[in-house]
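A quick write-up on the structure given underneath.
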Amino acid sequence: MKKKTALIASIMTVMLVCSQAKGIALAKPEPELLTVRKAQEMAIANSEDVKIEKLNGSNVALKNQLAVWNSRLIKEENVESLNMALAKSGPKSAAPMTEQQQTQMINKVISSKKEEVAKRYYELWNSAKKLEIAEESENRLTDLKELSSRLGKREDQLQVENQIAQQEASKQVLLMEYSNSITLFNTLIGAEVDNEWTLTGDLPEDAKLPVTLEEFIRNTLDHTDEYVTQKITNEYLKKIRDIHDKYSALSTNQGRISVNNEKIGQLYLEKIRKKVRNDIVIEYRKYVELKEVIAKYKESVATSEKYYIHLKKLYMDREVPMNDVLSAENTLTNLEFQLRKGMNEYNLIVSKLY
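Taking mature numbering (1 follows the signal peptide of the UniProt record, and there is no 0), I'd label the letters of the sequence shown as residues -27 to -1, 1 to 327.
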């Protein structure tokens, strides 16, 4: 009998261990921590557009090399026209411009991809945070339901149950929003569509946020493709003018044209600078205002939470009606959503600057 009992105990122990092992094997792994920088790196590494532009850049360099080699066949003593002068000196002058332009094209594609990833990243993070807010609100309402039940207030309990039902419906909408966000985000970075992530929601450590309007404008200009491309073009126009100056005896009119082209390039650059400045003033004001709004919302959320707890205690002492407590809970939830909205808008603005 003792042997039989010992055998059963042994089998039960093995079954328990196997059951636990099975549970560990089937347990869903913790979502991987993903920063916005890592997400951008993944998207760039998996982007066909970036790969295409890099191959185009390689082709540009090879074509420039061929053009420079061919230009060396023209001897200086054989240069009898401005066109021949440009054929001899032009490729060497144009090579840096075309390669810089292609580099800028690559940077443009990468910058666009990084901005898109940052936008999707913060939208996904925002969706997750909104779900958390809805969950916290539902937990508070469930707590009120149990409290009203303990106090024997059936009417209050039904009132809270109605609020819970409404919150549950709202949460389903947020779940759909989150599901769409995660699909779009994973597709963008080249991950499996149903991958789950732990997002930090923080700005990158190397992100240098501007303090003044001028800093904001400088940062924006550095990321404006049209402005950078025009600067590269202007450098090339100057080199062409230098060639015309060297061979001015061959074509005076062409020399004047090159001077005018250089002036036109500078005017285009100034025009772009003014346009960016005008556009960014509005963005900068929003950036500054959002920082202030976020700080005020954080204070309001903290105050609202204290007020809700205070009213809940008064309700327990039968000093205030359930309507007052539900109103305070609703105010707290709405303030948390408004804070989340402000933080998301702020992150989307500054994400364009790094």
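Cβ coordinates follow ideal geometry from the N, Cα and C atoms, glycine included.
Model, not experiment: these values are computed from the prediction.
Simplified DSSP state of residue i, which is helix, strand or coil
i	result
T71	helix
E165	coil
T171	strand
E318	helix
E119	helix
E292	coil
L124	coil
E199	helix
L263	helix
L242	helix
E14	helix
E3	coil
N19	coil
L182	coil
T276	helix
T8	coil
Residue from the options with nearest C-alpha to residue i
i	options	result
L7	S152, R250, I162, V184	I162
L117	L308, G30, T202, Y281	Y281
V261	F158, N320, K36	N320
Y257	A18, L157, I322	I322
Y209	L299, D195, N234	N234
V266	E243, M316, N37, L172	M316
T160	L186, A12, E243, I255	A12
E5	W170, E108, L148, N19	W170
L148	R291, F158, A107	A107
L240	I255, L312, N207, K271	N207
K92	Q145, V9, V184, N32	V9
I237	N19, K211, M78	K211
N303	L172, I137, V232	I137
T115	K259, L263, Q139	Q139
S85	K248, E150, D198	D198
K259	L186, K271, Y200	L186
K126	N296, I190, E150	N296
S324	R291, K87, A18, N80	K87
N168	L182, Y151, V184	Y151
Contact set for residue i: own chain, Cβ-Cβ below 6 Å, skip 5 residues either direction
i	result
E105	none
V82	D22, V23, E26
T173	T8
F158	R93, L97
Short Cβ contact (9 Å threshold) for residue i with residue j
i	j	result
R113	L305	yes
V133	L299	yes
K144	E111	yes
N37	E72	yes
I245	Q203	yes
I190	I253	yes
The ligand NAD heavy atom lying under 8 Å from the CB of residue i
i	result
T304	Inclusion of the ligand NAD in the displayed structure is not the case, the ligand content being empty and no account of it being possible.
Proximal residues to residue i (C-beta, below 7 Å), its chain only, five neighbours per side dropped
i	result
M289	L120
T156	V166
E309	I106, V274
Between the CA atoms of residue j and residue i - distance to the nearest angstrom
i	j	result
E141	N135	10 Å
A101	T193	30 Å
Q130	E109	19 Å
A34	T76	11 Å
I205	S273	50 Å
M70	I230	20 Å
G30	E318	36 Å
N307	K279	15 Å
D97	A16	One detail in the question is off: residue 97 reads as Leu in this sequence, not Asp. Their Cα atoms are separated by approximately 15 Å.
E14	H196	18 Å
Y95	V232	48 Å
R291	E128	14 Å
K314	Y200	32 Å
N19	N80	15 Å
K(-6)	N153	Note that K(-6) has pLDDT 37, beneath the 50 cutoff, so the model's placement of it is unreliable and no number is given.
K103	L242	43 Å
R250	S277	40 Å
N99	L28	37 Å
I(-4)	E3	Any reading at I(-4) needs caution, since the residue's pLDDT is 37, under 50, leaving its predicted position unreliable; the model's value is listed next. Answer to the nearest angstrom: the Cα atoms are 12 Å apart.
L(-2)	N32	Only weak support exists for where L(-2) lies, its pLDDT of 42 falling under 50; the value from the coordinates is given anyway. So the two alpha carbons sit approximately 50 Å from each other.
Q74	V146	46 Å
Neighbourhood of residue i by C-beta, 8 Å cutoff - its chain only, sequence neighbours within 5 removed
i	result
V293	L284, L287
Y270	L308, Q311, L312, G315
L263	G315, E318, Y319, I322
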